[in-house]
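K.L.:
As numbered in this note's numbering, residues 1115 to 1702 make up the sequence shown, in order.
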Amino acid sequence: MEEQTWRKTVGAILGELKPMRWRIVAVFISAAIPVSLGLAQPLTIRWLIDSLASAGQPSWEAVRFPFFALVGLLVASWIGWRVANTVELHVVTRARTAGIARVFTRLSIRSAGFFGDAQSGRLVHHVESFGSAIEQLLNMTVNQMMATVIFVVSFALALARQSLWFAAGFLAWAFVTTYVQYRVAATTRSRRKVVIDRRSEAGGLLADAVGNVLTTKVFARERQEEKEMRASLGRFREAKEKQDLREEWMWGLQDALFFSLQGTLMFMVLRAWASGHATVGDVVLVQGYLAMLFYYLSGQTRMFRQLPSILSEAAPAASWLLEDPDILDVPDAKPLRVAAGAISFEGVRFNYKGGRNVLAGIDLDIKPGEKVAFVGPSGAGKSTMVKMIYRFYDPQKGSVSIDGQDVSKVTQESLRRSLALVPQDPVLFHRTILDNIRYARPKASMKEIEAAAKRARCHDFIKALPDGYDSLVGDRGVKLSGGERQRVAIARALVADAPILVLDEATSSLDSASEALIKEALHEAMRDKTVIVIAHRLSTIMEMDRIVVMERGKIVDQGTHAQLIARKGTYKNLWDLQSGGYLPEVEE
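(1) Tell me the rounded alpha-carbon separation between aspartate 1479 and alanine 1345.
(2) Kindly indicate which three-state DSSP category phenylalanine 1575 falls into: helix, strand or coil?
(3) Kindly give me the distance between the Cβ atoms of arginine 1530 and tyrosine 1504, rounded to whole angstroms, as I take these residues to be in contact under 8 Å.
(4) Would the stretch 1601–1608 count as touching the stretch 1537–1551 if we require 3 or more Cβ pairs under 8 Å?
(5) Near valine 1256, which residues of its chain fall below 7 Å by C-beta distance, leaving aside the five closest residues on each side in sequence?
(6) Measuring alpha carbon to alpha carbon, tell me which residue in Val1189, Asp1520, Lys1122 is nearest glutamate 1460.
(7) Is it right to say glycine 1694 is buried, meaning 16 or more other beta carbons lie within 10 angstroms of its own, or is it exposed?
(8) Contact defined as beta carbons within less than 8 Å: I believe glutamine 1295 pairs with glutamine 1368. What is the distance between those atoms, to the nearest angstrom?
(9) Under a Cβ-count criterion, where at least 16 other Cβ atoms within 10 Å of its own Cβ denotes burial, should proline 1352 be classed as buried or exposed?
(10) Are the beta-carbon atoms belonging to methionine 1254 and valine 1205 less than 8 Å from one another?
(11) Classify arginine 1210: buried if its beta carbon has 16 or more other beta carbons within 10 angstroms, exposed otherwise.
(12) Taking just the CA atoms, how far does valine 1587 sit from phenylalanine 1333?
(13) Please work out which residues of its chain come closer than 7 Å, Cβ to Cβ, to aspartate 1659, disregarding the five sequence neighbours upstream and downstream, and give them in chain order.
(14) Considering Cα atoms alone, identify which of Gly1348, Ser1389, Met1406, Glu1342 is closest to phenylalanine 1372.
(15) State the DSSP-derived secondary structure class of alanine 1487, mapped to helix, strand or coil.
(16) Are the Cβ atoms of leucine 1188 and valine 1177 separated by less than 8 Å?
(17) Out of Ala1154, Met1259, Arg1236, state which residue places its alpha-carbon closest to the alpha-carbon of isoleucine 1310.
(18) When you compare only the Cα positions, how much space is there between proline 1148 and glycine 1194?
(19) Output the boundary residues of the alpha helix (DSSP H) element that contains valine 1101.
(20) Would you decide whether histidine 1637 is buried or exposed? Buried here means 16 or more other CB atoms lie within 10 Å of its CB.
(21) Pick helix, strand or coil for lysine 1668, following the three-state DSSP scheme.
(22) Taking the beta carbon of serine 1608 as the centre, do at least 16 other beta carbons fall within 10 Å, making it buried, or is it exposed?
(23) Name the DSSP bridge partner or partners of valine 1124?
(24) Taking the DSSP output, what are the residues bridged to glutamate 1460?
(25) Going by DSSP, which residues form a beta bridge with valine 1663?
(26) Using a Cβ-Cβ cutoff of less than 7 Å, which residues in the same chain neighbour proline 1482 once the five nearest sequence positions on both sides are dropped?
(27) Using alpha carbons as the reference points, say which of Ser1225, Gln1258, Leu1131 lies closest to isoleucine 1214.
(28) For proline 1445, which of Thr1525, Val1217, Met1260, Ser1412 has the nearest alpha-carbon?
(29) Does the beta-carbon of glutamine 1171 have 16 or more other beta-carbons within 10 angstroms, so that it is buried, or is it exposed?
(30) Does any C-beta atom of chain B lie closer than 8 Å to the C-beta of serine 1528?
(31) Given that a residue counts as buried once 16 or more other Cβ atoms are within 10 Å of its Cβ, and exposed if not, what is leucine 1359?
(32) Cβ of arginine 1160 within 8 Å of Cβ of valine 1324?
Right under this line is the structure:
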């Protein structure tokens, strides 16, 4: 199963490299030249040493030609490697950045459920690992695999000039050594996977702790976080030590194979020298090639050691490239055309991963321009209704449509451009206030930005900042207060100017004075739009055209505030319980 995953990962990486295939060919050609020149260096050194040995007396003339040949070879190799490395760096950097961009694109179209189940720190790690895998595999292929193949073939040809049996024996030895390296890597796969999982766990825990550092400080839980981090690192260390110890013993077998070859070849060349069939230069030549062989085999050993880890860490991101996300545009999807803004739920049933029905057969029609609030205890299905409209999830049964167009049949981009959301707990990008407000409509003019900010009652506090609209808001908007973040989010929604407006208790983080001002701005923003409000405070939705009461995934009542109070049903009970606060929570 793991081998199959690795094959898919390699396939995904090769697929990303396909558009750059001619550049990669150029890398191979440029690298093959200095590698081949390097193989000639021991031959030139043999020439130099034999010239020294055969000279009757010390003489510059005896070594002049081999010396200049060696210098020329070294200079040519140096130039060759500079050219090869320049070409390789150019291609590898392009390949890595293109791979990361492609993975990010595929990651961004995953469903809301995918991100709900994933840990952000691990996702970032997987994206970076895929880019790193592209870079490392290219480097390994060029600097280790190709160089080793060129050397082995060249050395075998050199041995064949002496004896075909020598060449055949060397090739057999090279095959056995490579097979041993592969088997060693294969036998440590399971342990290596545990190491990767433990490292990913520690990385995710670190990202989670850093992202929630303010919460940690508020509750004085630094020691608890440190304890959990040390425990996670301890599990990683234990798994890593077991893996490294096993590998160390097994790689010793490869070293034994190399030393046996070294001893055999040196014995043979020294016997040949003793019988007058080889020169001192031949002895140096063999030792020089053995040193090069050890260098290339060491590189190949590192490659086999690292390859499983590289592929395993890149596998999650590779799966994003190979597998379709849960929510996809249908092949003939057309852009959503919103003329009026009517929304319809027809027999909608939905549950999260086989749990109870969060929505149990919802039938609801929202008229164009109608202002509708969803109320009910936590877990009633209010937020899920909005997720259905946004098509973050597809219902198991039934359909959701806007102006008669099934949201599952239109493009997701056009659907979401027709909606504007003000969340209960807005999260801002670590960018300027201007960037955050303009995010909803990048082409909005500064005049439109300021107009929206004034309507959202955030223009004055923005202008009071040292850098005004160019002020950075910090990670997730931490430099702003909760009320300031929410007003910026409202301004962003106003800039979007979408025909359908969704408010998830958009005034919950505001003080009383700001709330009164924002209510005025929201009333203006709601004009000529279809509005959906998820209400946690019933006092905020008394003026809605209709209030839909939900309980355990069903609509149990609907009407105006006055009508629902008069019926003395669920809504009246919630109103009495709330007493100006928030709705009570119930068990899922």
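Glycine included, every Cβ here is placed at the ideal spot set by N, Cα and C.
P.N.:
With the given structure in hand:
(1) 53 Å
(2) helix
(3) 6 Å
(4) yes
(5) Val1141, Phe1142, Ala1145, Glu1202
(6) Asp1520
(7) With a pLDDT of only 47 at glycine 1694, under the threshold of 50, the placement of this residue in the model should not be trusted, and no figure is reported.
(8) 6 Å
(9) According to the sequence shown, residue 1352 is glutamate rather than proline. Burial call: exposed.
(10) no
(11) buried
(12) 24 Å
(13) Glu1484, Lys1485, Val1486
(14) Met1406
(15) strand
(16) no
(17) Arg1236
(18) 5 Å
(19) The displayed coordinates of the chain run from 1115 to 1702. Any statement about residue 1101 would go beyond what the structure contains.
(20) exposed
(21) strand
(22) The amino acid occupying residue 1608 in the given sequence is leucine; serine does not appear at that position. Label assigned to leucine 1608: buried.
(23) For valine 1124, which the question treats as bridged, DSSP gives no partner whatsoever.
(24) Ser1513
(25) Val1489, Asp1671
(26) Ala1454, Gly1455, Ala1456, Thr1644
(27) Leu1131
(28) Thr1525
(29) exposed
(30) Although the question refers to chain B, the structure presented lacks it and comprises just one protein chain.
(31) exposed
(32) no
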